[in-house]
Every structure is written in structure tokens, then in C-alpha cells.
Amino acid sequence: MGRRVEESGEPTPSATSADYPFTSRWFDHGAYRQHYLDEGDGSPVLMLHGNPSWSYYWRHLVAGLRDSHRCVVPDHIGMGLSARPAERDYRYTLASRVDDLEALTSHLVAHGGAPSSGWTLVMHDWGGPIGMAWAARHPDLVARLVVLNTAAFPSPFGPRLPLTLRLPLWAVRRTRLARHLVLRRNAMARGAARYGVTHRMAPQVRAGYLAPYGTPEDRLAILRFIQDIPVSPADRAWDELLAADRATALLADRPVLIGWGARDPVFRRAFLDEWRRRFPDADCRIHSRSGHYIMEDQRDAMVAEIRAFLADDSRMRDGAGERRP
1 MGRRVEESGE PTPSATSADY PFTSRWFDHG AYRQHYLDEG DGSPVLMLHG
51 NPSWSYYWRH LVAGLRDSHR CVVPDHIGMG LSARPAERDY RYTLASRVDD
101 LEALTSHLVA HGGAPSSGWT LVMHDWGGPI GMAWAARHPD LVARLVVLNT
151 AAFPSPFGPR LPLTLRLPLW AVRRTRLARH LVLRRNAMAR GAARYGVTHR
201 MAPQVRAGYL APYGTPEDRL AILRFIQDIP VSPADRAWDE LLAADRATAL
251 LADRPVLIGW GARDPVFRRA FLDEWRRRFP DADCRIHSRS GHYIMEDQRD
301 AMVAEIRAFL ADDSRMRDGA GERRP
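Under UniProt numbering, the letters of the sequence shown match residues 1 to 325, in that order.
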């Protein structure tokens with residue numbers, strides 16, 4: 001059984017301390033620890049980051065919601081401030097990510113005062129397949145969805161992905177040079193900090209995104225996330241992707257907010273159209289000047305839109321949650 005540790009056992013990277021003013025908490029999975037934030041009280045809002053970011057991506061949303069909601073924000077294993085287990089001790093797969101999330105949330109419900117319903121699931125990038133595959137296991141836990149530049153279903157392009165995704169995926173799977181660039185040169189994290197936004201990041205923000213990924217060992221999960229992208233039934237993450245896909249039907253009656261950066265080079269309009277097909281009543285906000293990191297390009301607008309969405313209780317399921325011990 002995992003446990004929540006109230007105080008951080010490791011320092012927050014100094015590059016992020018000024019704009020990451022949160023208390024680090026830790027969940028013990030046995031051989032490795034997972035870092036997460038647990039800020040505020042009220043109905044839980046579970047925020048799931050993607051690759052190659054970390055909980056830092058959600059800092060503005062946490063600051064904007066913790067006065068009225070309980071913000072639960074994990075760093076995936078190998079990412080952010082979470083542990084970097086060796087591959088002999090941990091399988092860096094989509095299924096492992098879903099298992100980790102299930103263990104953490106089950107612990108918070110059983111021992112952390114979190115409710116067994118009424119959660120809002122907020123997803124970006126890899127947070128989509130992870131979150132929706134988790135929701136497929138616990139549909140009664142989820143009351144609302146917030147979808148930000150992500151997917152939870154097979155690519156609408158079929159096995160022939162857009163070149164912006166197909167080329168790096170092929171290179172990372174087939175060439176040593178690409179793996180060298182990701183691990184030794186930190187090309188993925190650096191590239192995302194540059195090209196994931198349409199407005200250049202301030203130096204301290206860029207430093208915040210890069211802070212947890214200072215060594216090749218710190219970047220293993222970044223590489224494995226890329227290699228784990230499910231394209232066909234032959235890929236090991238395919239079954240979990242189909243579970244995430246099924247969750248879109250299980251949660252078809254939930255209120256959904258879609259926030260979409262229209263200048264995302266990977267999650268193009270076809271992904272947005274697929275979300276809207278599955279959730280035709282969703283409140284959809286398209287930001288024409290935003291890239292992939294929509295919480296950077298449109299942080300004020302997105303925080304306001306999500307706050308308004310959460311404040312609309314007309315279709316909200318019960319589950320306010322108790323105050324944490």
C-alpha cells in the first residue's frame with residue numbers, strides 16, 4: 001500500500017521555485033516514488049501532463065483553481081520530480097502509466113479524503129490516453145472532462161501519421177542518432193520548449209520545463225514515451241489505447257470542455273474533429289494563435305474558461321469530497 005508523504009524529500013529545482021510555489025508530495029509505489037501536487041480543497045481536479053513536460057505545465061491552472069478545488073497533479077514516473085527507476089525495475093509503457101495513476105487515485109480515495117465520484121479529468125498530450133484508459137477502469141469516478149490538444153483513440157489519419165509525427169517516431173525507433181539526440185542532447189525537451197509555443201517562452205519558464213531533465217538518465221522516460229506511441233495493433237500500447245477509446249463512449253454523457261491550440265504541428269484539426277464527433281455537445285474553444293502548449297500560449301484564457309466550466313453545476317455529478325486529514 002502506498003502512502004502520501006506530506007513534505008518533500010527532494011528539493012524542487014531552483015529554476016522553478018519562484019513560479020512553482022507548491023508543496024511536493026510523494027506516493028510510494030514500493031521500489032520507486034511518484035511526485036505529485038495536492039493543492040486546495042473541494043471537488044478533485046486531476047491534471048495529467050504529457051511528454052516531455054511535467055506538473056510544471058499546470059502551475060497556472062493549479063494557482064487558479066486551488067481556492068475552490070482540490071488539484072491533484074502527478075508527475076509520471078521518470079518525469080518531473082518523480083523517481084527514475086532502471087528499466088529492469090519499471091516498464092516504461094502506457095499500461096504502467098495507467099497502473100501508476102490507478103494506484104495513486106485509489107490511495108487518495110481510500111486514505112486521502114478524496115471522494116469516490118465527482119472528479120474532473122484534465123488531459124494534455126499523453127495525459128489523454130493515460131487519463132482515458134484510467135477512466136475506463138473507473139468511469140463512476142469521473143464527472144467532467146477537459147481536453148487540451150490530446151488524443152484517446154487511434155489516429156484519425158490511420159497508420160500513416162502526419163509527417164511531423166511519423167518522421168521523429170520512425171527515427172527514434174530505427175536510428176541511433178535520434179536516440180542520441182533525445183538522451184544526450186535533450187533535443188525533445190528543448191525542441192518542445194521552443195516549437196510547442198507560438199509565443200517565445202521567457203528564459204525562466206524555459207528553464208522550468210528543462211529543469212528535471214539535466215542528464216541522459218533523466219531523459220529515459222522521454223525517449224520511451226516516443227517509442228511507445230501506438231500506431232498499429234502490433235504496438236504494445238495498442239490495447240490500452242483501445243481502452244481509452246472505449247472510455248469516450250462510457251463517458252459520453254459527461255460535460256466536456258475542449259481547449260485547442262490550432263497551431264499544434266502534431267495534434268492537428270483531425271484530432272479535434274474526432275473529439276467533437278465523440279462529444280458533440282462539448283464546449284469547444286479553439287485558440288487560433290496557440291500551439292501545442294496551450295496552457296502557455298493562452299494561460300489566462302484557459303484558466304478563466306476552465307474555472308467557468310467548473311462553476312457550471314447544471315450537469316455536474318455529485319462528489320464534493322472531504323477536507324483532507
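Glycine is no exception: its CB is placed at the ideal position from the N, C-alpha and C atoms.
Since this is a predicted model, take the numbers as computed values, not measurements.
Length of the line joining the Cα atoms of residue i and residue j
{"i": "ARG179", "j": "VAL172", "result": "6 Å"}
{"i": "THR105", "j": "PRO159", "result": "33 Å"}
{"i": "PHE225", "j": "PRO212", "result": "16 Å"}
{"i": "ARG84", "j": "SER117", "result": "32 Å"}
{"i": "SER303", "j": "GLY30", "result": "In the sequence under discussion, the amino acid at residue 303 is Val, which differs from the Ser named in the question. If I take the Cα positions, the gap works out to 35 Å."}
{"i": "ARG185", "j": "GLN298", "result": "29 Å"}
{"i": "PRO203", "j": "LEU177", "result": "28 Å"}
{"i": "GLY64", "j": "LEU121", "result": "16 Å"}
{"i": "ASP28", "j": "ALA187", "result": "30 Å"}
{"i": "GLU296", "j": "ILE306", "result": "14 Å"}
{"i": "ALA110", "j": "ALA103", "result": "10 Å"}
{"i": "ALA311", "j": "ARG174", "result": "48 Å"}
{"i": "VAL142", "j": "PRO115", "result": "11 Å"}
{"i": "HIS138", "j": "LEU165", "result": "31 Å"}
{"i": "ARG144", "j": "SER288", "result": "24 Å"}
{"i": "ASP281", "j": "ALA133", "result": "22 Å"}
{"i": "SER155", "j": "GLY261", "result": "18 Å"}
{"i": "PHE22", "j": "VAL197", "result": "24 Å"}
{"i": "ALA86", "j": "ALA308", "result": "42 Å"}
{"i": "ARG200", "j": "ALA192", "result": "11 Å"}
{"i": "ASP19", "j": "GLU240", "result": "34 Å"}
{"i": "GLN34", "j": "SER17", "result": "19 Å"}
{"i": "TRP275", "j": "LEU161", "result": "17 Å"}
{"i": "ASP41", "j": "SER82", "result": "23 Å"}
{"i": "GLY112", "j": "PRO129", "result": "25 Å"}
{"i": "LEU272", "j": "CYS284", "result": "9 Å"}
{"i": "TRP119", "j": "LEU46", "result": "7 Å"}
{"i": "GLU39", "j": "TRP170", "result": "40 Å"}
{"i": "PRO230", "j": "LEU167", "result": "14 Å"}
{"i": "GLU217", "j": "ASP313", "result": "45 Å"}
{"i": "VAL62", "j": "ARG25", "result": "15 Å"}
{"i": "LEU181", "j": "LEU163", "result": "19 Å"}
{"i": "ASP318", "j": "ASP140", "result": "Note that ASP318 scores 46 on pLDDT, short of 50, meaning its location in the model is unreliable; the coordinates nonetheless yield the value given after this. Answer to the nearest angstrom: the Cα atoms are 10 Å apart."}
{"i": "PHE267", "j": "SER68", "result": "31 Å"}
{"i": "ASP300", "j": "ILE286", "result": "14 Å"}
{"i": "THR215", "j": "ARG190", "result": "13 Å"}
{"i": "PRO265", "j": "ARG194", "result": "13 Å"}
Residue i and residue j closer than 8 Å at C-beta
{"i": "LEU99", "j": "TYR32", "result": "Note that residue 99 corresponds to Asp in the displayed sequence, not to Leu. No, the pair does not count as a contact, with Cβ atoms beyond the cut-off."}
{"i": "THR93", "j": "ASP228", "result": "yes"}
{"i": "ALA136", "j": "LEU37", "result": "no"}
{"i": "TYR209", "j": "TYR56", "result": "yes"}
{"i": "ARG66", "j": "PRO44", "result": "no"}
{"i": "SER290", "j": "ARG263", "result": "yes"}
{"i": "LEU183", "j": "ARG206", "result": "no"}
{"i": "TRP54", "j": "MET79", "result": "yes"}
{"i": "PHE157", "j": "ALA234", "result": "no"}
{"i": "ALA152", "j": "THR248", "result": "yes"}
{"i": "LEU101", "j": "PRO74", "result": "yes"}
{"i": "HIS76", "j": "ARG91", "result": "no"}
{"i": "PHE279", "j": "ALA243", "result": "no"}
Limits of the unbroken beta strand (DSSP E) element including residue i
{"i": "HIS111", "result": "Careful: HIS111 lies outside any beta strand (DSSP E), inside the alpha helix (DSSP H) at 94-111."}
{"i": "GLU39", "result": "33-39"}
{"i": "PRO44", "result": "44-48"}
{"i": "LEU272", "result": "Counting along the chain, LEU272 falls outside any beta strand (DSSP E), though it belongs to the alpha helix (DSSP H) covering 269-278."}
{"i": "MET123", "result": "119-125"}
{"i": "LEU257", "result": "256-261"}
{"i": "ARG25", "result": "25-28"}
{"i": "ARG285", "result": "283-287"}
Where the alpha helix (DSSP H) containing residue i begins and where it ends
{"i": "THR248", "result": "238-250"}
{"i": "ARG224", "result": "220-227"}
{"i": "ASP300", "result": "299-311"}
{"i": "TYR209", "result": "203-210"}
Residue i CB to nearest heavy atom of the ligand MG below 7 Å
{"i": "GLU240", "result": "With respect to the ligand MG, the structure offers nothing, as it holds no ligand at all."}
Pairs of beta-carbons, one from the region 110-130 and one from the region 41-54, closer than 8 Å: are there three or more?
yes
Measuring CB atoms only, is the region 145-157 touching the region 254-266, in the sense that at least three cross pairs come out at less than 8 Å?
yes
Enumerated in chain order, which unbroken segments of the alpha helix (DSSP H) with a length of 4 residues or greater are wholly contained in the region 45-82?
59-65
Extract the residue ranges of the beta strand (DSSP E) inside the region 140-192, only unbroken runs of 3 or more that lie entirely within it.
142-150
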